[in-house]
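**Student:** As they're listed, the protein sequences go chains D and B. The numbering used here runs 1 ahead of the 1-based position in the first sequence. The numbering used here runs 1 ahead of the 1-based position in the second sequence. Take this structure, written in structure tokens, and hold onto it; I'll ask about it next.
There are 2 protein chains.
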Amino acid sequence: MHVLIFGGGGFLGRRLAKTLIESGGLLQGKITHLSLMDTAFPEEMPQDSRLEAIKSDFSDEKEIREVLQLQPDVIFHLAAIVSGEAEKNFELGMKVNFHASLQLLELCRMLDYSPRIVFASSCAVFGGDVSKVIRDDTSPTPLSSYGTQKAMVELLMNDYSRKGFVDARCLRLPTIAIRPGKPNAATSSFVSSIIREPLYGKNASCPVPSETKVWIQSPNRVIQNFIHAANIDEQILGNDRIFNLPGLTVSIQEMLRSLEQISSPEVTNLISFEPDDFIQSIVLTWPPHFDTQRAINIGFVKDASSEEIIKSFINEEGISS
Amino acid sequence: MHVLIFGGGGFLGRRLAKTLIESGGLLQGKITHLSLMDTAFPEEMPQDSRLEAIKSDFSDEKEIREVLQLQPDVIFHLAAIVSGEAEKNFELGMKVNFHASLQLLELCRMLDYSPRIVFASSCAVFGGDVSKVIRDDTSPTPLSSYGTQKAMVELLMNDYSRKGFVDARCLRLPTIAIRPGKPNAATSSFVSSIIREPLYGKNASCPVPSETKVWIQSPNRVIQNFIHAANIDEQILGNDRIFNLPGLTVSIQEMLRSLEQISSPEVTNLISFEPDDFIQSIVLTWPPHFDTQRAINIGFVKDASSEEIIKSFINEEGISS
């Protein structure tokens, strides 16, 4: 089978590709061809003869049309302009996050089969009263253009699936923690930085108060959930293809306490609190409390604790304590 | 002030225009110019020197750009491909209901002021378990392309308002009953036909079982609510500009019983039940139970009973009993 990953050059895309290659396939069959598309790829890409890296913009119609001619069985759509950038550059966010996603769906509609699509949506579709528990039927109320664009694409994914044009599954990702590498323009980037940077002996600043609660999921669980989403039998899905992934509710304080217990006070002393109005204007509207019964029932997985998340990051990165 | 009505040639658009002309204006000021845009206008249009009827397609960028040069203070956006047509002609529905609405917002974004927009959305954004009570924070789960397109535009209206590009208010209209004139391609058209046609001595067929409950609002209340929406102070609106209008839950049976009491058994004998799979596949997914606390609190109005709705239709149409 042929698997295609849009956003395959990003951190999650590469890790997903690596996992797929190592496991050999999905429930539907063995992977014979794995195409990754992205605007850029880092040098250290997974090496495998089945893997092809296509350097292209997700909004380039000609390129998308061409790669769809390869008849991918499963498409992972992880391509996006991140939240902070989409808020600052409204037109770019609309172009990539919304219009290019709609274009993908339109090109899929023209195919003579209905490809399965796993779409990386985001819990940023929610915003507002952070004391409220988000249920499976709670309405999206995005307070960012990024969240708005994701919520619109979810609606399209549902309708195109209902019409039989595609077979989509939309996962609302919690904030991913802990991301390796450098900070990015996601407004949630600091949730990773405040753990990662001190572990590397570097300073980090936290732009929100320490009592701020966040809704997080580790990269490992997200990859497991992407693959699970691709494996779910269409028959049991019904018309609603949107899932709030089961994250973990933790305060910044709790994360830093775990970090200190695992490492040392010298590590956590590298963190300073420097309020940032722009980041707070988005992140402090993200509700951290969810009841994700539907996702749990259908087999999506969650992390056990922030301690576990930090420990597995340390292991994966080979950080010596 | 200048008021612009997209879909101004339709039944609701014309009635809104008539009401605005008669009342003279909105809270913001007197109406000096009232532009109606639509693809077609009936001959019997309201006559007034302030009124201008512009024959044009809502998706025609050049025409929309031109009419926006007149700097409308308030825009009523009632232009749409109705539910049944949008379901059968997916591309046309996307073009008019979604893309043309986005185009309007984009053209408004380029203006040097933020026009107020009252957008006619629909309770067809909901679909599925009809026993469920729809609350103000219940997520849209459209089971029609029409509902999907409306839900997407609502999200855009909220985001463009949050960014200060426009000042939008989205009203989720219940099924309008009783519409005068001829049946149209809305899948809910029968809710009006089964009352209207027999009152004119004509046969009518009901495509759903008599125990089917519907969520309705009379044209008079809808017009009142459009005008109220235009009058609400932006300061009290906040970021969520979407309202489930307070409709009335009635079964087809109850409506026909009211009709029989007001008229006679000879009238209701003109109605036959002829199941229609296509109409049922959409209408039977529309939940008829709502808790519209937020709309009530902010001053939107509802009908008292189906009896009252039928009686005022008879009065307005001058039907002799």
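Note that beta-carbon positions come from the ideal geometry of N, C-alpha and C, so glycine has one too.
#1: Let me know if D/Thr33 comes out buried or exposed under the rule of 16 or more other beta-carbons within 10 Å of its beta-carbon.
#2: If contact means a Cβ-Cβ distance below 7 Å, which residues of the region 234-246 of chain D contact chain B?
#3: Taking only the alpha-carbon atoms, compute the straight-line gap between D/Gly128 and D/Val223 and give it to the nearest angstrom.
#4: I want to see whether chain B comes within less than 8 Å of D/Thr139, judged by CB atoms only; does it?
#5: For D/Tyr114, is the classification buried or exposed, using 16 other Cβ atoms within 10 angstroms of its Cβ as the cut-off for buried?
#6: Counting along the chain, where does the beta strand (DSSP E) carrying D/Ser273 start and finish?
#7: State whether the region 154-161 of chain B contacts the region 226-239 of chain B, with contact taken as three or more CB pairs (one from each stretch) at a distance under 8 Å.
#8: Using a Cβ-Cβ cut-off of less than 8 Å, list which residues of the region 164-181 of chain D approach chain B; keep chain order.
#9: Classify D/Ile179: buried if its beta carbon has 16 or more other beta carbons within 10 angstroms, exposed otherwise.
#10: Mind listing which residues of the region 147-159 of chain B have their C-beta closer than 8 Å to chain D's C-betas, in chain order?
#11: Against D/Leu144, what residues of chain B qualify as contacts under a CB-to-CB distance less than 8 Å, listed in chain order?
#12: Between B/Lys31 and B/Leu5, what straight-line distance do the alpha-carbon atoms span, to the nearest angstrom?
#13: Can you tell me the Cα-Cα spacing of B/Ser252 and B/Val97, whole angstroms?
#14: Below 8 Å on the Cβ atoms is my guess for B/Pro289 versus B/Val215; work out the distance and round it to an integer in Å.
#15: Quick one, which residues of the region 80-103 of chain D are near chain B if we go by CB-CB under 8 Å, in chain order?
#16: If you draw a straight line from the C-alpha of D/Ser269 to the C-alpha of D/Glu261, how long is it?
#17: Considering Cα atoms alone, identify which of D/Leu28, D/Glu23 and D/Arg16 is closest to D/Leu37.
#18: If I'm right that B/Gly9 touches B/Ala41 with Cβ under 8 Å, what's the distance once you round it to whole angstroms?
#19: Would DSSP call D/Gln218 helix, strand or coil?
#20: Along the chain, where does the beta strand (DSSP E) containing B/Glu53 start, and where does it finish?
#21: Taking 8 Å as the cut-off, decide whether the C-beta atoms of B/Gln218 and B/Pro175 are in contact.
#22: Do B/Lys195 and B/Ile299 have their C-beta atoms closer together than 8 Å?
#23: Over what stretch of residues does the alpha helix (DSSP H) that includes B/Ser313 continue unbroken?
#24: Count the other CB atoms within 10 Å of the CB of B/Asn316; is the residue buried (16 or more) or exposed (fewer)?
#25: Where does D/Lys31 sit, in a helix, a strand or coil, going by DSSP?
#26: Can you name the start and end residues of the alpha helix (DSSP H) that B/Ser24 belongs to?
#27: If you run the structure through DSSP and keep just helix, strand and coil, what is D/Thr149?
#28: Who are the near neighbours of D/Ser122 in its chain, counting only those whose CB is closer than 8 Å to its CB and skipping five residues on each side?
#29: In chain order, what residues of the same chain lie with their CB nearer than 7 Å to the CB of B/Thr250, ignoring the 5 residues before and after it?
**Tutor:** Considering the structure as presented:
#1: exposed
#2: Asn240 and Asp241
#3: 21 Å
#4: yes
#5: exposed
#6: Ile272 to Phe274
#7: no
#8: Lys164
#9: buried
#10: Thr149, Ala152, Met153, Leu156, Leu157 and Asn159
#11: Arg163 and Asn240
#12: 14 Å
#13: 32 Å
#14: 6 Å
#15: Phe91
#16: As written in the sequence, residue 269 of chain D is Thr, which differs from the Ser given in the question. Going by the C-alpha atoms only, they are around 6 Å apart.
#17: D/Arg16
#18: Their Cβ separation, rounded to whole angstroms, is 11 Å, which puts B/Gly9 and B/Ala41 out of contact at 8 Å.
#19: strand
#20: Leu52 to Lys56
#21: yes
#22: In the sequence under discussion, the amino acid at residue 195 of chain B is Ile, which differs from the Lys named in the question. Result no, Cβ atoms of B/Ile195 and B/Ile299 do not sit closer than 8 Å.
#23: Ser307 to Glu318
#24: exposed
#25: strand
#26: Phe12 to Ser24
#27: helix
#28: Lys151, Ala152, Val154, Glu155, Cys171, Leu172, Arg173, Leu174 and Ile243
#29: Lys214, Trp216, Pro289 and His290
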